[in-house]
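K.L.:
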Amino acid sequence: MQRLIPVLNNDHVPLHLISVINTLMTAAKEISHRLHQGSLAGTLGSTLDENIQGETQKKLDVVSNQLIKNMLLETNLVRAVASEEEDDIVEGNPDAKYLVAYDPLDGSSNIDVNGSVGTIFSIMEVPDHCKHGKDMFLQTGDEQVAAGYILYGPSSMLVMTTGKGVRMYTLDHTVGEFLLTVEQVKIPAQTQEFSINMANDRFWSAPMKQYIKDLLQGEEGPRGKRFNMRWNAAMVSDVHRVLCRGGIFTYPADCREADKPCKLRLLYEANPMSFLIEQAGGRASTGYERIMSLQPTEIHQRVAVMMGSADEVGTCLQYHKDIP
Ligand code: AHG
Ligand code: MN
Ligand code: MN
Ligand code: MN
942 MQRLIPVLNN DHVPLHLISV INTLMTAAKE ISHRLHQGSL AGTLGSTLDE NIQGETQKKL
1002 DVVSNQLIKN MLLETNLVRA VASEEEDDIV EGNPDAKYLV AYDPLDGSSN IDVNGSVGTI
1062 FSIMEVPDHC KHGKDMFLQT GDEQVAAGYI LYGPSSMLVM TTGKGVRMYT LDHTVGEFLL
1122 TVEQVKIPAQ TQEFSINMAN DRFWSAPMKQ YIKDLLQGEE GPRGKRFNMR WNAAMVSDVH
1182 RVLCRGGIFT YPADCREADK PCKLRLLYEA NPMSFLIEQA GGRASTGYER IMSLQPTEIH
1242 QRVAVMMGSA DEVGTCLQYH KDIP
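Here my numbering = 1-based position in the sequence shown + 941.
1. Starting from the C-beta of P1237, find all residues in its chain whose C-beta is less than 8 Å away, skip the five residues before and the five after it, and write them out in chain order.
2. With 16 other CB atoms within 10 Å as the buried threshold, where does P1148 fall?
3. Consider the Cβ of G1159: report whether some Cβ of chain D lies at a distance smaller than 9 Å.
4. Spatial neighbours of D1069 within its chain, please: CB distance less than 6 Å, with the 5 preceding and 5 following residues excluded, ordered by chain position.
5. Can you round the beta-carbon distance between V1177 and G1059 to whole angstroms, since I take them to be within the 8 Å contact cut?
6. Below 8 Å on the Cβ atoms is my contact criterion, and I expect L958 with A1087 to pass it. Report the Cβ-Cβ distance as a whole number of Å.
7. Could you tell me the alpha carbon to alpha carbon distance between L1235 and N992, rounded to whole angstroms?
8. Please report how far the alpha carbon of E1026 lies from the alpha carbon of V1100, in whole angstroms.
9. What did DSSP end up calling Y1229 once you bin it into helix, strand or coil?
10. So for P1045, helix, strand or coil by DSSP?
11. Between which two residues does the alpha helix (DSSP H) harbouring L1218 extend?
12. Please determine whether the Cβ atom of E1032 lies at a distance below 8 Å from any heavy atom of ligand 4.
13. Leaving out five residues on either side along the sequence, give the residues of the same chain with a beta carbon under 7 Å from the beta carbon of L1156.
14. Looking at A1245 and P1193, is the spacing between their C-beta atoms short of 9 Å?
Encoded structure:
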């Protein structure tokens, strides 16, 4: 089986970008090890701190963030990083060309119950028009040069794209290498699986309420077929299932908090996952706009997300067109 670096070389990925990706993998191997130690590593549970998102930080949120940030900045290849767990960007080498936005530990509410979690990353280049500060990161998802995630499940898997399709790699712990295990990921256009947190249904918009209601009516309803609901409460594993066998994953806007109607973050959750989904033949939308076309206005900006099997996402978007 092929190792990660030869595969990237064959794809003519620039050497410095390969180094940045390889550094992320080194951090991921360390995170994977600590996660698989579980409570033996003494890093389960929460801290007393709150991050800028207003979430209580898990110890492993903080540990994973530090690991990734320090390793990336030590390479001297990274101009700056933006992290879910950092209030502001953290500057690196002023002459470097790569920007890395990342969610060090996605689904961290699952840690203390031994559920799947992951690391999500999005790599862009410093734009010609802006060489300083957080505005460097305010680029559309179409500007990403690489994106992916490491899913720390029963096996640790890297799923990544550099714009030439999506490949999956599995971590071989004996040699400490990510080995190519799926050459080309393709999402089926149709599906009978949907992924949503049903506990929020009273907060959804009218189109989303009607779309889900029709799904739940099964063979007797307007969709004429049975749908199954899945929810891992970790975007990284819910999206992984969609990439493996199709489906629609959605975290819609809700009306609870006017200033924060959405849950998922654009720069280090929605954009990297949208890049993967589109490269695998799927669609990724807010319900009204293609996610990777959005012009960000701040680094922790949140968006509504519906992504996955192209035909099913299209049906969901039709509800958003037809219902005010
Ligand atoms: P994070 O753990 O990085 O803060 O992300 C959690 C996100 C995402 O992974 C998941 O889909 C969603 O939050 C789950 O939200 P609920 O707990 O509200 O269902
Ligand atoms: Mn969080
Ligand atoms: Mn997350
Ligand atoms: Mn997180």
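Ideal Cβ positions, reconstructed from N, Cα and C, are used throughout, including at glycine.
P.N.:
On the basis of the supplied data:
1. On the sequence shown, position 296 is the one that residue 1237 refers to. Contacts found: F1078, L1079, Q1080, T1081, L1207 and L1208.
2. In the sequence shown, counting from the first residue as 1, residue 1148 sits at position 207. It is buried - the Cβ of P1148 has at least 16 other Cβ atoms within 10 Å.
3. Here there is only one protein chain, and chain D is not present.
4. For the purposes of this step, residue 1069 is taken as residue 128 along the sequence shown, with counting starting at 1. Nothing meets the Cβ criterion.
5. As a first step, residue 1177 must be located in the sequence shown, where it is residue number 236. As a first step, residue 1059 must be located in the sequence shown, where it is residue number 118. 3 Å between Cβ atoms; contact.
6. Along the sequence shown, one-based indexing puts residue 958 at 17. Along the sequence shown, one-based indexing puts residue 1087 at 146. 6 Å between Cβ atoms; contact.
7. The residue you call residue 1235 lines up with position 294 of the sequence shown. The residue you call residue 992 lines up with position 51 of the sequence shown. Those two C-alpha atoms are separated by around 25 Å.
8. Looking up residue 1026 in the sequence shown gives position 85. Looking up residue 1100 in the sequence shown gives position 159. If you take the alpha carbons of E1026 and V1100, they lie about 22 Å apart.
9. Position 288 of the sequence shown, counting from 1, holds the residue named residue 1229. Here Y1229 carries a coil assignment [DSSP, helix/strand/coil].
10. Taking the first residue of the sequence shown as position 1, residue 1045 is located at position 104. P1045 falls in the strand class under three-state DSSP.
11. Residue 1218 sits at position 277 when you count from the first residue of the sequence shown. The identity of residue 1218 in the sequence shown is Ile, whereas the question assumes Leu. Counted as a single uninterrupted DSSP element, the alpha helix (DSSP H) harbouring I1218 occupies residues N1212 to Q1220.
12. Counting from 1 along the sequence shown, the entry for residue 1032 is found at position 91. The answer is no for E1032.
13. To locate residue 1156, count along the sequence shown from 1; it is residue 215. Excluding sequence neighbours, L1156 sits near F1135, R1164 and F1168.
14. The residue given as residue 1193 occupies position 252 in the sequence shown. The residue given as residue 1245 occupies position 304 in the sequence shown. Yes, these two residues count as a Cβ contact at 9 Å.
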